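Participant:
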Amino acid sequence: MAKGDWLGEFELCVLLAVARLGDDAYGVRVRQHLEAETGRDVTIGAVYTTLGRLEDKQLVRFRLTDPEPVAGGRARKIFRLTPEGKRALTHATSVLHRLIVGWKTKS
Amino acid sequence: MRLSTSLAWIVRRLAGPADAESMIADLECEAAEREERDGPAASRRWVRRQIVRSAPGLIRRRVDVAARGIRKGPNVLFRGLWLDLQLIARRLRRSPAFAIFAIAMLGLGIGAATSVFTLAYTIWLKPLPYRDPDTLVTITSLERVTSLHAGLSNPEVQEVAGHVPALAGVSGYHYGAIFGRFGDEPARLLISPVSTTLFSVLGVTPQIGRTFTAADEGTSVAVLSDGLWRERFHADPHVLGATVGGRAEQYTIIGVMPREFRFPLQIEADCWVPELGARGDRAARIDEVVARLAPGATLAQVNAQLTSVSEALAAAYPETNAHWTFVAAPFEGTSSPAYRAAFITLLSMVGLFLLIACANLASLFVARNLARRHELTVSLAIGAPRWRLARIVLLETALLSAAGAALALLLTDQAMVAFAHWLPATMPRLGDLRVNGTVFAFAMAVAACTSALCAIAPIAGVKSLVLAQSMSGTRTIGSTSHRGQYTLVVVEVALAAVLLMGGGAMVQSFNALLGRDRGYVPAGVAAMTVSLPFDDDRYRSAPLRETSFDRLFEGLAHIPGVVAAGASTGFPGSSLGLLGGGAVNVPGRTDPPVIAGLHDATPDYFRAMGVPIVRGRAFTNQDAAGSQRVVIVNETLAAQLWPHGDAIGQRFRVPAPNGLLNGANTDSEVVGVVADMHLGTRRNADMFVPFTQVPSFWVDLVVRTSGDPDAIAERVRQSIRHTNPDALVEHVSPLQTIVSNAYGLERAQSFLTALVAGLGGVIALVGLYALLNQYVARRTREMGICLALGSSPRRLFWSVFRRGLSLSLAGIGIGLGVALVAGRILRGQVFGLDLAGFGLFLPVAAVLVLASAFVIATSARRVIAIDPLIALRHA
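Just so you know, the protein sequences line up as chains U and Y, in that order.
All residue numbers for the first sequence refer to the working numbering, where the first residue is 7 and numbers rise by one.
All residue numbers for the second sequence refer to the working numbering, where the first residue is 20 and numbers rise by one.
#1: Please tell me whether A341 of chain Y and A333 of chain Y are closer than 7 Å, where the distance is taken between their beta carbons.
#2: For N455 of chain Y, is the classification buried or exposed, using 16 other Cβ atoms within 10 angstroms of its Cβ as the cut-off for buried?
#3: Would you give the residue range spanned by the beta strand (DSSP E) that P753 of chain Y belongs to?
#4: Hey, could you find the ends of the alpha helix (DSSP H) K112 of chain U is sitting in?
#5: What are the residues of the region 46-72 of chain U that lie near chain Y, defined by any Cβ-Cβ distance shorter than 7 Å?
#6: To the nearest angstrom, how far is the alpha carbon of T96 of chain U from that of A86 of chain Y?
#7: Quick one: which chain U residues come within Cβ less than 8 Å of D45 of chain Y?
#8: Just the C-alpha distance for A683 of chain Y and N604 of chain Y, rounded to the nearest angstrom, thanks.
#9: Grab me the residues of F218 of chain Y's own chain with a C-beta within less than 6 Å of its C-beta, minus the 5 sequence neighbours each way, in chain order.
#10: Can you pull the chain U neighbours of A34 of chain Y, defined as C-beta to C-beta under 7 Å?
#11: Measuring CB to CB, does I721 of chain Y end up less than 7 Å from I731 of chain Y?
#12: Put G543 of chain Y into one of helix, strand or coil per three-state DSSP.
#13: How big is the Cα-Cα spacing for C473 of chain Y and A378 of chain Y?
#14: On the DSSP bridge assignment, give the partners of W717 of chain Y in chain order.
#15: Could you name the residues of the same chain whose beta carbon sits closer than 7 Å to that of V10 of chain Y, not counting the 5 residues immediately before and after it, in chain order?
#16: Between the Cα of R68 of chain Y and the Cα atoms of U:K92, U:G51, U:L57 and U:G58, which residue gives the shortest distance?
#17: Provide the residue(s) that pair with W343 of chain Y in DSSP beta bridges, ordered along the chain.
#18: Excluding five sequence neighbours on each side, which residues of the same chain lie with their C-beta closer than 6 Å to the C-beta of A439 of chain Y?
#19: By how many angstroms is the C-alpha of Q269 of chain Y removed from the C-alpha of L243 of chain Y?
#20: Using 7 Å as the threshold, is the C-beta distance between L325 of chain Y and A310 of chain Y below it?
#21: Would you mind stating whether A516 of chain Y and L127 of chain Y have Cβ atoms separated by less than 7 Å?
#22: With distances taken from CA atoms, which of Y:S134, Y:A61 and Y:L26 is nearest L430 of chain Y?
#23: Could you confirm whether any beta carbon from chain U is found closer than 7 Å to the beta carbon of C468 of chain Y?
#24: On the three-pair Cβ rule with 8 Å, is the region 107-115 of chain Y touching the region 408-421 of chain Y?
#25: Which residues in the same chain as V189 of chain Y place their Cβ atom closer than 6 Å to its Cβ, once the five residues preceding and following it in sequence are excluded?
#26: Which residue wins for smallest C-alpha separation from Y54 of chain U, given the options Y:L828, Y:G522, Y:I43 and Y:A776?
#27: With a cut-off of 7 Å, does the C-beta of A57 of chain Y fall near any C-beta of chain U?
#28: Applying the criterion that 16 or more other CB atoms from any shown protein chain within 10 Å of the CB defines a buried residue, is K482 of chain Y buried or exposed?
#29: Spatial neighbours of W65 of chain Y within its chain, please: CB distance less than 6 Å, with the 5 preceding and 5 following residues excluded, ordered by chain position.
#30: Classify D695 of chain Y as helix, strand or coil using the three-state DSSP reduction.
#31: If you count every other CB in all the chains shown that lies within 10 Å of the CB of D610 of chain Y, and 16 or more means buried, which is it?
#32: Figure out for me which residue from Y:V840, Y:L408 and Y:W101 has the closest Cα to the Cα of I478 of chain Y.
#33: Tell me whether N653 of chain Y is buried or exposed, calling it buried when 16 or more other Cβ atoms sit within 10 Å of its Cβ.
#34: Relative to the C-alpha of G222 of chain Y, which candidate in Y:S172, Y:L208, Y:F280 and Y:A234 has its C-alpha closest?
#35: On a Cα-Cα basis, can you pick out the residue from Y:V321, Y:P314, Y:W248 and Y:A316 that is closest to W291 of chain Y?
#36: Does the beta-carbon distance from L754 of chain Y to V544 of chain Y come in below 7 Å?
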């Protein structure tokens, strides 16, 4: 991977959450999943900012749902990984796995 | 759960159009879940926390996206602007001293202008806190022969209200003081008895409760000011129904006015109570009157109808109304001619100061362009359009001006805190001095104009750049630019000369005003007000009041350093006001009556005040209650009543408030004539009755000392505490301070113009110094050659000195000439602007020439330190 393609820690977490949630990967679900799994206080803004960067890197894309069936109903974004995103996620996790195994072997 | 409109608006601004709706939907979704689980309050808190904590990251994202768009986007204009801003930021980072100096200079100039504007706006320009103030008028009585203005009596106010259809509402008002108690703590309250129609005439509503109705006339109800409500009632929202006043007089609180409400503007009334309506003495013209025009009515119509009413009253009541008519005029509030002239002068002075700062900065920018001439010529050579280079100059000045404006607003905020403490309390609306939206907009507008002004000269330099000559190095970017710099410095020095003349004239006039003969000698006198508790039934007895004050004066006589001590009701500048007053006429006289103020006075009062007895005698201890009624008049009253004769021995009836003078039907004999006592140029007619014959509840006590008035005031206060524990002592101050405070506007004007003039002079000299330094630096090689060829350093020094002095003298000459011409044109129209005489011309010219010479010599000395070898090698 080129230098600029490395994922940040939070980007990796968001990608994993999107991959895990599948069709339920709304911004709010990603936030709740990350908060539950990491024990960190995650803001909705941080999630959307990171998803925006991942979208810029073409690692995720979104589709808009139909607006809620009420007056003034809003459309929501559902995110999913692109093929490049899956590749990047696979690469990042396998690198981490090798490093973790190496660390555990040594200690 | 739906987000509120305001929160949704915030999220849209933070997240941008791409993510806003989805983010809002997500927030609403989770908020609904939390509302079910934890309750609506917790859910709302969570939403707000999410938005606040998300804000920094979202803002950073939007800036990144925008910057990326600018860098990559097709819009050349924004791309170019972004690049130019980055270039300017780099340049300023490389020359921090210049940036700091420029921001400081701009901050000072814009800050001075903004501070004066804030003063002017708050005290003069700000609309009055009443509905449609342009339709408010004042009504006064005008004595037909003497053209003397006075107020209206209570019955006259009612008659005007009922017989002038061009007026939609009329209200009379006056003000005084009552003795109140809050717990066991005595306090004097400023009270304003008003017509029950006042608040409807002004079109104001209370923040709590109600204002007066017709049914409240003559009753004991009161509407509180916001200040008294907060200070004494701790802003209690349930204050309605409580009482205010002393033991003898209690008013039931029915309403509280808003914080910004003030009426009258010149005093801060603590509360308003209903007047007597149509009752009251027809001759006691104590009421000032405010009225509102009826829809479609004009001032001319009002005056015509008032004339009819005056004629009807003159026929019905010839004794009191034969010589009087009523006149209406626009309600000025604080837009009086004195304030208008003062603030126009001040704004003009700071405008000149700002121009000096701009000229200084423009000269610096030109110098920077001169230093960067090769960079500019290369830019032009490779195709940069001149307008692009000019834009960079404009952006740089705009950035620095914006930073200067931010500093200016900080300085203005601090200046307002200082002004609120320093300016005399007699100036209206001092509590409202603060930076608000209007002041902010003014600062931004001044910053924009300043930016444009500072950019003119350097842009002109860029435009005049001759490419071929610059590239060859044979001729620099401009003898045009050098001439421009010289012109700027001459303009700066000229403006500084104008400022110094104006400031000097103001200070001179103010000192003359303070030193004017007022009929008394304020130096060495301590003044204070002393009040007895009239809510205490014991002090209803006049003999007890007299005895109390006798005891007080006996105590004062034993204090070392006391030369004389006296008391009166209402010395010039008193916060108490007069005992009363009214129309005075002598038996058998057919001339119109004279309106005179009534005071009482102790025997030593005139001696303590330093007032000469022109004829006759002062009061003595023999002028006691029960003895023959006597009166002392001042020179103005004596001249009006007996223009061709001696006032001594004459008799007339002293008009007094009801019941104040026992045996009011008896005439009083004039036993003395004293010099007029006054603060301003106007001399009022005054009469004095012995204190023992009218022992009032409160007096202005004056104590003349051979030492320091502040020190004697403390000893006097302690003595009173010992001899009269019931008495309340307030407003302790040297009389000289009271006199000075009476000229608050003039004092502020002279101080501010002197300050601005001094700063302007300093900045102009700094500009001159900087220019000469650049001149020496630019000609270092040339001077090195001269020195190498045998020229003496001293000769070069004088060459530079002459150059600088010629610029300085040109500026001083132009500035003083402009100041003298302007002074002749404006003489008499503005306080202090009397520049016609040479008295100020020579000192200002001398100061400027000497200061310039010092600055020039300091710059020129650098020539002596030039080493020819180094100059030739490095230049």
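Backbone N, C-alpha and C fix where the C-beta goes; we use that ideal spot for every residue, glycine too.
The model shown is predicted, which means the values in this text are computed figures rather than measured ones.
Facilitator: In short:
#1: For the purposes of this step, residue 341 of chain Y is identified with residue 322 of the second sequence, where counting begins at 1. For the purposes of this step, residue 333 of chain Y is identified with residue 314 of the second sequence, where counting begins at 1. Yes. Within cutoff.
#2: If you number the second sequence from 1, residue 455 of chain Y lands on position 436. Looking at its Cβ environment, which holds fewer than 16 other Cβ atoms inside 10 Å, N455 of chain Y is exposed.
#3: Along the second sequence, read from residue 1 onward, the residue named residue 753 of chain Y stands at position 734. Here the beta strand (DSSP E) through P753 of chain Y covers L747 to P753.
#4: On the first sequence, residue 112 of chain U is found 106 positions in, with the first residue counted as 1. From DSSP, the alpha helix (DSSP H) with K112 of chain U extends over P89 to K112.
#5: T49, I50, G51, A52, Y54, T55 and G58
#6: The residue you call residue 96 of chain U lines up with position 90 of the first sequence. The residue you call residue 86 of chain Y lines up with position 67 of the second sequence. Cα to Cα, T96 of chain U sits roughly 32 Å from A86 of chain Y.
#7: Taking the first residue of the second sequence as position 1, residue 45 of chain Y is located at position 26. Those within 8 Å of D45 of chain Y in chain U are Y32, G33, V34, R37, I50 and R82.
#8: Counted from its first residue, the second sequence places residue 683 of chain Y at position 664. Counted from its first residue, the second sequence places residue 604 of chain Y at position 585. Low confidence applies here, because A683 of chain Y scores a pLDDT of 48, under 50, leaving its location unreliable; read the following figure in that light. Answer to the nearest angstrom: the Cα atoms are 15 Å apart.
#9: To locate residue 218 of chain Y, count along the second sequence from 1; it is residue 199. Around F218 of chain Y: T230.
#10: Mapped onto the second sequence, residue 34 of chain Y falls at position 15. Correct list: Y54.
#11: Within the second sequence, residue 721 of chain Y is the residue found at index 702, counting from 1. Within the second sequence, residue 731 of chain Y is the residue found at index 712, counting from 1. According to the sequence displayed, residue 721 of chain Y carries Val and not Ile. No, the pair does not count as a contact, with Cβ atoms beyond the cut-off.
#12: Residue numbering aside, residue 543 of chain Y sits at position 524 when the second sequence is read from its first letter. The answer is coil: DSSP assigns G543 of chain Y none of H, G, I, E or B.
#13: Locating residue 473 of chain Y in the second sequence gives position 454, where the first residue counts as 1. Locating residue 378 of chain Y in the second sequence gives position 359, where the first residue counts as 1. Taking the straight line from one Cα to the other gives about 7 Å.
#14: Taking the second sequence and counting its residues from 1, the one referred to as residue 717 of chain Y is at position 698. For W717 of chain Y, which the question treats as bridged, DSSP gives the partners Y:S550.
#15: Nothing can be reported for residue 10 of chain Y, as the shown portion of chain Y is limited to 20 through 894.
#16: For the purposes of this step, residue 68 of chain Y is identified with residue 49 of the second sequence, where counting begins at 1. The shortest Cα separation from R68 of chain Y among U:K92, U:G51, U:L57 and U:G58 belongs to U:G51.
#17: Here the question's residue 343 of chain Y lines up with position 324 in the second sequence. Per DSSP, Y:E162.
#18: Numbered from its first residue, the second sequence carries residue 439 of chain Y at position 420. Closer than 6 Å at Cβ, skipping near neighbours: L449 and L452.
#19: Translated into the one-based positions of the second sequence, residue 243 of chain Y becomes position 224. Translated into the one-based positions of the second sequence, residue 269 of chain Y becomes position 250. So the two alpha carbons sit approximately 13 Å from each other.
#20: For the purposes of this step, residue 325 of chain Y is taken as residue 306 along the second sequence, with counting starting at 1. For the purposes of this step, residue 310 of chain Y is taken as residue 291 along the second sequence, with counting starting at 1. Result no, Cβ atoms of L325 of chain Y and A310 of chain Y do not sit closer than 7 Å.
#21: For the purposes of this step, residue 516 of chain Y is taken as residue 497 along the second sequence, with counting starting at 1. For the purposes of this step, residue 127 of chain Y is taken as residue 108 along the second sequence, with counting starting at 1. Result no, Cβ atoms of A516 of chain Y and L127 of chain Y do not sit closer than 7 Å.
#22: Your numbering for residue 430 of chain Y matches position 411 in the second sequence. It is Y:S134.
#23: The residue you call residue 468 of chain Y lines up with position 449 of the second sequence. So, not an interface residue.
#24: yes
#25: Counted from its first residue, the second sequence places residue 189 of chain Y at position 170. Excluding residues up to 5 positions away in sequence, V179, A180 and A310 lie with their Cβ nearer than 6 Å to the Cβ of V189 of chain Y in the same chain.
#26: Here residue 54 of chain U refers to the residue found at position 48 of the first sequence. Considering only alpha carbons, the answer is Y:I43.
#27: In the second sequence, the residue the question calls residue 57 of chain Y occupies position 38. First, the residue type needs correcting, since residue 57 of chain Y is Asp and not Ala in the sequence shown. No, because no Cβ of chain U sits closer than 7 Å to the Cβ of D57 of chain Y.
#28: Within the second sequence, residue 482 of chain Y is the residue found at index 463, counting from 1. K482 of chain Y comes out exposed.
#29: In the second sequence, counting from the first residue as 1, residue 65 of chain Y sits at position 46. Excluding positions up to five away in sequence, the list reads R53.
#30: Taking the first residue of the second sequence as position 1, residue 695 of chain Y is located at position 676. Here D695 of chain Y sits in coil by DSSP.
#31: Within the second sequence, numbered from 1, the residue matching residue 610 of chain Y stands at position 591. Exposed.
#32: Position 459 of the second sequence, counted from the first residue, corresponds to residue 478 of chain Y. The option with the nearest alpha carbon to I478 of chain Y is Y:L408.
#33: On the second sequence, residue 653 of chain Y is found 634 positions in, with the first residue counted as 1. Counting Cβ neighbours within 10 Å, N653 of chain Y comes out buried, since at least 16 surround it.
#34: In the second sequence, residue 222 of chain Y corresponds to position 203, counting from 1. If we check each option's Cα against that of G222 of chain Y, Y:F280 comes out closest.
#35: Counted from its first residue, the second sequence places residue 291 of chain Y at position 272. Of Y:V321, Y:P314, Y:W248 and Y:A316, the residue nearest in Cα terms is Y:W248.
#36: Position 735 of the second sequence, counting from 1, holds the residue named residue 754 of chain Y. Position 525 of the second sequence, counting from 1, holds the residue named residue 544 of chain Y. Yes.
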